[in-house]
Every structure is written in C-alpha cells, then in structure tokens.
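Take a look at the structure below.
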Ligand code: APR
Ligand code: PHB
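Residue numbers (full-length UniProt numbering): 1 to 396.
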C-alpha cells in the first residue's frame, strides 16, 4: 500500500504527528510494536509545558486535559526543609504548566485518531526501513497475524523511541551521538492517597532528592533518588515512606499523605542527543533522537515540539512544494533540544546528591541553591525553562 507519511511508533510523537498531518489533509500510517492497551497503560511523566498544552488545544484535543488535568502556576523548591515557591505565572508573564499524565495524552490521541479514521496498526513486528536516500522510501513489517506487508511513502518518520529501529537504520558514520550518564536513578511510585500538596515539591534533603507529584485526587506520584542499580524489590514500602519523610521534612512537621503503594519502578538517568535528525527521506523525532533525564519532565514536551516543527515542514512541502523547512528541521529542532538538555542537566545536578562529590562540588551546589533562593533573576530563568521556551507558529 501507499501513503504520504509512514510513521514508526505510536508514542506521543508519532500520534501527535499523525493527528497534525490529518488536520491539514495529509495521510499517514502509524506502525506500533505494542498493543493499544499496552501503550495506553505505560506510566511515564506528567507535566505539560504551556506550548504542549496549547498544541493539544489547537489540535482539538484539550477538552479532557482541561477538565481532568491540574494547572500549576508555580512549584516549590524545598532545600534542607525550607520552602521557596517559584511563581511561574508572575515570572513568565502568565505562563503555567498542566499536570496530566502522559498515558492520558496517549489515550486522547489514540481516540481522536481512530475517530477520524486514522490508520494505526498495532502489534506489528520486524519493522525495517528501505531506500531512505530515494524519493520512494518504504517500510516492511509483519502484521498482527504474521503476514509480510509493505508501506510505500514519500517520507518516513522515526518516532519509535530510544530502542527503536529507525535510528539504527542510518549508517553510524552518518550520525553523531553525544551521551552523558548520571550516577543516580529515581525510584518512581504510585500510591492511593489524596494529594499532599497543591503544587509539585522538588526537595533536596541531606541524602538526596525527592519529588512530590500528583495524578488525580485519589492517586499520587512520588519519586526519590536511588542507586541506578537498585531493583524495585530493594525498596520496601516502609523504606520508601521513611526516605520520603526524611527528605521532605520541614521545620513545621509537614509529611506526605501516605497510602497503598501499587507501582514501583527504577528509572535510569541519561542525556543523549543524536544528530542530524534526518537522513534522506527519514526524519527522527522525540526519544528516537534524544533522551533527557526526568528532572523537569522535558521528554514528552520535546517530542511534541519536534513534531510540531516537522508537521509544519511537511505541510509546506505538500502545499507549496518547498523543502526549506524540511531542510532546516534538524538544526531548528536541535537548538531547542540542546536548551532542554542544558536545563534538565542543570536541574538534575542542582537537586541530587552525587555519590563521591568532593567538598568543593558540594559547596558549589550549596551556593547555586542559595543564589536560586535569593535572586529573582535566577528564579525567572528556572521558571521560563520549566514552563517551556516559546515555540513558533503551528501553521502558516
Ligand atoms: N516498531 C514499531 N514501534 C516501535 C518500535 C519498532 N521497532 N520500537 C519502538 N516502538 C514504539 C514503542 O512501543 C513506543 O510506543 O515506539 C513508541 C515510542 O514512544 P515513546 O518511547 O513514548 O517516544 P516518543 O513518542 O518520542 O515520546 C517521548 O518522552 O517523557 C518521555 O520517554 C518519555 O515516552 C516519552 C518520550
Ligand atoms: C511526574 O509527575 O511524573 C513528574 C513530574 C515532574 C518531573 C518529573 C516527573 O520533573
């Protein structure tokens, strides 16, 4: 079969791209390795930048997000038990974030795409990419019942995440990957409890980081710094709660509201960028090209800003027969990616205790935190990066 754009991967990047193209009359086929149920149940981060919120709304997908998500106009930094609130709205001229889980975004995108007759193919296997340097690239895969299928397209977009096949289809000599690993990980957990706080709390205690986030009025999401080699079984419920209580303790006795923990995962921390994000008629978007550590929750937002740019470039190609935005895609996307990498790295280094840090590094970290709690300029820098740097227009 033939389509205009073949998209590999039904994560936020692939699904949003398919939807944005559909809204402008461009056909696509989305090929996804996992089942619909599996993609709708995968637990990931949950903070949408202002630009992602606007993108969801512009694409007509903002209804449930606005009803069920939580608009957060600030966040709390808790260092050594003392709170400093960062007021996003005041510091950024009215911008804020939405706390709305990534799997809810996925559900909204899948529902919308299926309702508009979108071609989403789940549980495909053995995806391979061919003739990327020609103007007739194609994808081969095995369908649900094992039959071999071919999709010919004008363009292929690799939205298949960090372990996908798209990036691997490009000869290593044509790409450059820069990577950084952090000496700590996060234990992420979900529990049945009411919210502990109206806003997220990013805390640094003597022995490490803790984060209080939320999912709903009944379910809370919290994280704590751990050894990246830890297994979830290393963390009993008692150990999790006592560590959270210690790292989050304040002078006036604040404590997180406790409840039954029903999910535990260990998340590694890595920064990685592959450039360029294009090879012939193959474009990479989202985690297929770059990974950020979870502090600041930039992964989903970067995936969304990539496909926003790419959809605009593809629309210009089909409408005006111009390739200028396609040619500029990689460099334009990478500028934002590197700014988000810088911010994620900075926020991560600021709020974690690095094993083996020497006295000098520890003093510098104290000084950086001290500056942040006293300087409006430093708070503004945090706020404008957290709510997301401005994005260009969605459509011409
Ligand atoms: N064939 C088809 N689909 C694949 C293949 C493959 N060979 N490999 C991976 N996939 C699918 C995965 O199953 C997944 O559903 O591609 C999708 C990639 O989705 P994500 O990993 O979510 O990546 P992306 O859409 O770029 O989203 C950005 O930001 O918050 C972070 O990591 C978080 O998922 C988030 C990401
Ligand atoms: C989340 O709610 O999952 C979350 C929130 C903020 C982060 C990372 C993850 O910085």
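Cβ coordinates follow ideal geometry from the N, Cα and C atoms, glycine included. Predicted, not measured: the structure shown is a model, and the values here were computed from it.
Burial state of residue i, where buried means 16 or more other Cβ atoms lie within 10 Å
i: residue 214; result: buried
i: residue 63; result: exposed
i: residue 144; result: exposed
i: residue 147; result: exposed
i: residue 386; result: buried
i: residue 1; result: exposed
i: residue 256; result: buried
i: residue 283; result: buried
i: residue 279; result: buried
i: residue 225; result: buried
i: residue 183; result: exposed
i: residue 180; result: exposed
i: residue 136; result: exposed
i: residue 53; result: buried
i: residue 42; result: exposed
i: residue 92; result: buried
Between the CA atoms of residue j and residue i - distance to the nearest angstrom
i: residue 25; j: residue 344; result: 36 Å
i: residue 108; j: residue 357; result: 44 Å
i: residue 267; j: residue 242; result: 20 Å
i: residue 55; j: residue 94; result: 17 Å
i: residue 115; j: residue 106; result: 14 Å
i: residue 326; j: residue 317; result: 8 Å
i: residue 301; j: residue 246; result: 31 Å
i: residue 397; j: residue 383; result: The structure shown does not extend to residue 397, since the chain is modelled only from 1 through 396, so no value can be given for it.
i: residue 310; j: residue 69; result: 27 Å
i: residue 61; j: residue 7; result: 20 Å
i: residue 207; j: residue 195; result: 24 Å
i: residue 96; j: residue 48; result: 9 Å
i: residue 164; j: residue 395; result: 29 Å
i: residue 209; j: residue 78; result: 10 Å
i: residue 141; j: residue 5; result: 16 Å
i: residue 375; j: residue 294; result: 25 Å
i: residue 314; j: residue 166; result: 19 Å
i: residue 128; j: residue 252; result: 58 Å
i: residue 263; j: residue 320; result: 49 Å
i: residue 101; j: residue 133; result: 38 Å
i: residue 118; j: residue 151; result: 15 Å
i: residue 217; j: residue 197; result: 11 Å
i: residue 307; j: residue 155; result: 14 Å
i: residue 365; j: residue 17; result: 40 Å
i: residue 236; j: residue 265; result: 12 Å
i: residue 275; j: residue 285; result: 11 Å
i: residue 250; j: residue 168; result: 48 Å
i: residue 222; j: residue 338; result: 27 Å
i: residue 361; j: residue 229; result: 23 Å
i: residue 67; j: residue 90; result: 24 Å
i: residue 157; j: residue 289; result: 11 Å
i: residue 10; j: residue 159; result: 7 Å
i: residue 322; j: residue 328; result: 12 Å
i: residue 120; j: residue 291; result: 25 Å
i: residue 272; j: residue 287; result: 9 Å
heavy atom of the ligand PHB below 7 Å from residue i C-beta
i: residue 270; result: no
i: residue 221; result: yes
i: residue 297; result: yes
i: residue 47; result: yes
i: residue 276; result: no
i: residue 12; result: no
i: residue 393; result: no
i: residue 256; result: no
i: residue 294; result: yes
Neighbourhood of residue i by C-beta, 7 Å cutoff - its chain only, sequence neighbours within 5 removed
i: residue 19; result: 59, 109, 112 and 113
i: residue 296; result: 343, 344, 347 and 386
i: residue 391; result: 51, 305 and 308
i: residue 72; result: 96, 97, 99, 199 and 200
i: residue 57; result: none
Close beta carbons around residue i, own chain, < 6 Å, minus the five adjacent residues each side
i: residue 85; result: 74 and 76
i: residue 36; result: 122
Closer than 7 Å: residue i CB and nearest the ligand APR heavy atom
i: residue 212; result: no
i: residue 44; result: yes
i: residue 287; result: yes
i: residue 40; result: no
i: residue 300; result: yes
i: residue 86; result: no
i: residue 31; result: yes
i: residue 266; result: no
i: residue 36; result: no
i: residue 163; result: yes
i: residue 160; result: yes
heavy atom of the ligand ATP below 7 Å from residue i C-beta
i: residue 200; result: Absence of the ligand ATP from the depicted structure is noted, with the ligand APR and the ligand PHB being the only ligands included.
Own chain, CB closer than 8 Å to residue i, minus 5 neighbours either side, in chain order
i: residue 372; result: 77, 84, 350, 378, 379 and 382
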